[in-house]
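The next block holds one structure in the form of structure tokens; read it before the comments.
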Amino acid sequence: MRALAGSLAAAAVLATALALLPAAPDGTPGDRIPAYDVVLTVRNDGVVHVHETITYDFGGDERGIVRRVRYREGRRVYGVRDVRTSSSTGAPARARVRTLPHDVRIAVGGDGPAVRGRQAYVIEYDLTGLLTPRADRAELVWDALGASWDVPVDEAAVRIAAPARFRAGCRAGDPPVTRCVRRRDGPFALIFSQRDLAPHEGMLIKARLPKGAVAAPPPRYAPPRWRGSWTGVAALVLALAALPWTLRNPPVRRSAAPVLAGLGLALVAGDLGTAAVRDGLWAVSAGDATPTGAALLALAAGAAVAGTPRRSGERHRVVRVRPIGRRGPRG
């Protein structure tokens, strides 16, 4: 039981450490993006259609590219749907889409044969919930390139179009402080361009549309990571304080460990599982039941470790005592 408890603790520490490690870079030395063209089309229903054409120059033999689309900023969440990919240069373009805690990872061509040199990829998707309704307007704030590219971008252009006239601006860099080059493309579209972007530098677009020009439903917010009160925290503190008493009571520690562990797991699984079903896996939040269950699990672990019998292989030291007053025969 001691070995099992130690193994579980080590596994928990290792999992936490792996979760905190930075993601491996998606590009390799020598890679670059000669041209990055984005078209943002704001539709009447408030959905923003995104069309990206990425010209990627591979420095060696590699399998496709990875585009990360941010869908959560703080508690604000957006929808990323209807992802489609292709390649005008014949490179493998099958996509694998995976939702991560804060972005959607779109891996293009990773299942196909390796390619090298200059290739062109097209990624399309729809963004929902991106517009923010205000009293007299609807606002759009979006980093069209994102800040996740590990390679430099030579030239980037973002075209934004809407059903009505609008005002918009663009700032590039990390942080976004450099004004982009701006030109109008007809009455309902603007084009912003920027050159020589370093890795992780994006293009932040801010647009204002007239009120009523497009639908702008209320923003969607994920629940806070912690939705409980001090009750659950107090239960955890009391459980830790009661550990010494548990260790000093063999009858309790032998019989209560399975019961405490079962109740603790039920509380944690029920709390987090219900939130995951309701809000989605990456929007899960914890309530009072989670620390209460953790408190029971702590007590169960202490009881199980303390109640572990001595291993049969351990040797006991035997001390022989000669009785007092008895002497051996004289020689």
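In terms of mature numbering (1 follows the signal peptide of the UniProt record, and there is no 0), the sequence shown is residues -19 to -1, 1 to 312.
No residue lacks a Cβ here, since even glycine has one placed at the ideal position from N, Cα and C.
**Report entry** 6 Å Cβ shell around ARG62 - same chain, five flanking residues per side excluded
**Finding:** ASP107
Requested in this report: Compare the Cα-Cα distances from VAL64 to each of ALA76, VAL58, VAL96, THR70 and report the closest residue.
Outcome: ALA76
Query raised in the report: By a C-beta neighbour count over all protein chains shown, 10 Å radius and 16 as the cutoff for buried, is LEU219 buried or exposed?
Result: exposed
Requested in this report: In angstroms with no decimal places, state the Cα-to-Cα distance between PRO94 and VAL214.
Outcome: 52 Å
Query - Spatial distance of ILE141 from LEU178 (CA atoms) - result: 20 Å
Query raised in the report: For TRP123, which residues does DSSP report across the bridge?
Result: ILE186
Query raised in the report: What number of angstroms, rounded off, separates the C-alpha of VAL58 from the C-alpha of ALA242?
Result: 35 Å
**Report entry** 8 Å Cβ cutoff met for THR22 and VAL103
**Finding:** no
Query - GLY150 vs LYS187 beta-carbon contact at 8 Å - result: yes
Query raised in the report: With a cut-off of 8 Å, do at least 3 Cβ pairs link the stretch 75 to 89 to the stretch 41 to 54?
Result: yes
Query raised in the report: From the DSSP output, which residues share a beta bridge with ARG163?
Result: PHE173
Query raised in the report: For ALA125 versus VAL195, is the C-beta distance shorter than 8 Å?
Result: no
Query raised in the report: Taking the continuous beta strand (DSSP E) assigned at ARG99, which residues delimit it?
Result: 96 to 109
Query raised in the report: Can you tell me whether DSSP reads SER68 as helix, strand or coil?
Result: strand
Query raised in the report: Which residues in the same chain have their Cβ closer than 7 Å to the Cβ of GLY40, if we skip the five residues on either side of it in sequence?
Result: THR9, PRO10, GLY11, ASP12
Query raised in the report: With which residues is VAL58 paired in a DSSP beta bridge?
Result: ARG53, ARG201
Query - Inter-residue Cα distance where the pair is VAL29 and ASP166 - result: 18 Å
Query raised in the report: How many angstroms separate the CA atom of PRO157 from the CA atom of GLU182?
Result: 8 Å
Query raised in the report: Is it the case that the Cβ atoms of GLN100 and SER129 are separated by a distance below 8 Å?
Result: no
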